[in-house]
Amino acid sequence: MAALVRCRVLFQSFRCQTSIINGVCRSDNVLHTFLNKRSHCVRPASNGGVRLYSSEVKSGDDLIVRYLDGDDSGIVVLGINRPKSKNAISKNLVMVMSEAVESLKKNNKVRTVILCSMVPGIFCAGADLKERAKMHQSEVGPFVTKARTLITELGTLPMPTIAAIDGAALGGGLEMALACDIRVAASSAKMGLVETKLAIIPGAGGTQHLPRTVGVSIAKELIFAARVLSGDEAKSLGLVNHAVEQNQSGDAAYLRALDLAREFIPQGPIAIRMAKLAINQGMEVDLKTGLAIEEACYAQVIPTKDRLEGLLAFKEKRPPCYKGE
């Protein structure tokens, strides 16, 4: 189990001493990244105050789960943390991520989930091939099934999910990102489904998610060639929503993802969940059935207190205060 690192930083400009980090760090590099990413420590809030991470942090060796606090309450950050293996997908990572996703699924207070990396320069290198090489042939299929199930569950989380790709996302790493609703990448990031180089195929949803994202013909070309794209190239194909220039801290995509999540927070949380459900299910059926799904989802928001609050706030010319009720 990685050691728990507690850091206290004195912000003289605010004349207060605040515990800002509770995380699991497996290397000095990860700790250095933690301390030097301004967004991970302190960020001015719209009201002039300070945004801090909550002290409620659930951690595992390979995954850090952080609940943001203050004005960012409702945003949860899943940080993959396997620096020695370039965040490769191992049995343990699949297990701890599955537990985290299951917990998020049941938490109605979570508004948005950001999937990112705690390791500079890498998002996820795909399957842990060193671990895979030690598996008996009979173990490979069940493991891939578990990984596919995890990525499917990530894709069906009821709240919006954003993948922040600040480094290489290859094979299963890109498949995880594809399962998210929105992808943000650094221009310098590299990504691709490269499994055919190893005489296998994408096995955790890539053959299904990529065609639905960039179109069938483009997806075939990318998979057949095992092509690796830059963030800018991925943006031009619609593989990512935003491509941003990398910064010195190596977290430009994360910062953009955080800004997007902050745009979602003020909106009605039940409405967003129903909109996501209507879109996801509607895209798999014909238009007539899709409209029926939309009608059913709309019916779910009519009796909510949030809908009445929205109407009242509009009448009173003030920002609404939604509680997810």
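So the mapping is simple: this note's numbering equals the position in the sequence shown, first residue as 1, plus 8. Ideal Cβ placement from N, Cα and C applies to all residues, glycine included.
For this session: Rounded to whole angstroms, what's the CA-CA distance from L162 to G211? Just pull it up for me.
Result: 15 Å
Exercise. Taking the alpha-carbon positions, what's the L86 to P328 distance?
Worked result: 28 Å
Problem set entry | S106 vs L165 beta-carbon contact at 7 Å | no
Exercise. In chain order, what residues of the same chain have a beta carbon less than 6 Å from the beta carbon of Q308, not counting five sequence neighbours either side?
Worked result: M282
Problem set entry | Same chain, Cβ closer than 8 Å to D36, neighbours up to 5 away in sequence not counted | Confidence at D36 is low in this model, with a pLDDT of 34, below 50, so its placement is unreliable and the value that follows should be read with caution. Here the set comprises nothing.
Problem set entry | Minimum C-alpha distance to G213 - residue among A260, G180, I226 and L319 | G180
Problem set entry | Stretch pair the stretch 297-307 + the stretch 105-122: three plus CB contacts closer than 8 Å | no
Exercise. So, helix, strand or coil for V85, using DSSP?
Worked result: strand
For this session: Taking only runs that begin and end inside the stretch 135-204, name each unbroken beta strand (DSSP E) of 3 or more residues, in chain order.
Result: 169-173, 176-178, 190-194 and 198-200
Problem set entry | C-beta atoms of C132 and N95 nearer than 7 Å | yes
Exercise. On the three-state DSSP scale, how would you describe T120?
Worked result: strand
For this session: Would you tell me roughly how many angstroms separate the C-alpha atoms of H217 and A155, rounded to the nearest one?
Result: 15 Å
Problem set entry | Terminal residues of the beta strand (DSSP E) in which I97 lies | Counting along the chain, I97 falls outside any beta strand (DSSP E), and DSSP gives it neither H nor E.
Exercise. Hey, out of I231, A207 and K205, whose CA is closest to T215's CA?
Worked result: I231
For this session: Please work out which residues of its chain come closer than 6 Å, Cβ to Cβ, to P219, disregarding the five sequence neighbours upstream and downstream, and give them in chain order.
Result: A227
Problem set entry | Alpha-carbon spacing of S257 relative to A304, whole angstroms | 45 Å
Exercise. The alpha helix (DSSP H) with A212 in it runs from where to where?
Worked result: Careful: A212 lies outside any alpha helix (DSSP H) and carries neither H nor E.
Exercise. Between H235 and S225, what straight-line distance do the alpha-carbon atoms span, to the nearest angstrom?
Worked result: His is not the amino acid found at residue 235; the sequence shown has Arg there. Computed Cα separation, rounded: 14 Å.
Exercise. Going by Cα to Cα distance, which pick from G246, I208 and S81 is closest to M199?
Worked result: G246
For this session: Could you tell me which residues DSSP pairs with Y75 in its beta bridges?
Result: V84
For this session: Identify every residue that forms a DSSP beta bridge with V130.
Result: Correcting the residue identity first, residue 130 is Ile in this sequence and not Val. Looking at the DSSP assignment, I130 forms a beta bridge with A176.
Problem set entry | Unbroken alpha helix (DSSP H) run spanning V309, endpoints | L295 to V309
Exercise. In this structure, does DSSP put V252 in helix, strand or coil?
Worked result: strand
For this session: Indicate whether A171 and A185 have their beta-carbon atoms separated by less than 7 Å.
Result: yes
Exercise. Where N249 and L285 are concerned, what is the direct C-alpha to C-alpha distance, given to the nearest angstrom?
Worked result: 20 Å
Exercise. What is the DSSP secondary structure of N55, counted as helix, strand or coil?
Worked result: Note that N55 scores 32 on pLDDT, short of 50, meaning its location in the model is unreliable; the coordinates nonetheless yield the value given after this. Of the three classes helix, strand and coil, the one that applies to N55 here is coil, per DSSP.
For this session: Taking A193 as the reference, give the member of V222, K296, L237 and G82 with the closest Cα.
Result: L237
For this session: For L101, collect the residues of the same chain with a Cβ closer than 6 Å to its Cβ; drop the 5 residues on either side in sequence, then sort them by chain order.
Result: D70
Exercise. Hey, how far is the Cα of E253 from the Cα of P311?
Worked result: 44 Å
Exercise. How many angstroms separate the CA atom of S98 from the CA atom of L201?
Worked result: 18 Å
Exercise. Is Y306 buried or exposed, if buried means 16 or more other CB atoms sit within 10 Å of its CB?
Worked result: exposed
Exercise. What residue from I208, T221, Q289 and C124 has the CA that sits closest to V148's CA?
Worked result: I208
Exercise. From C188 to K117, what does the alpha carbon distance come to, in whole angstroms?
Worked result: 19 Å
Problem set entry | Outcome for T169 when other beta-carbon atoms lying within 10 angstroms are tallied against a minimum of 16 | buried
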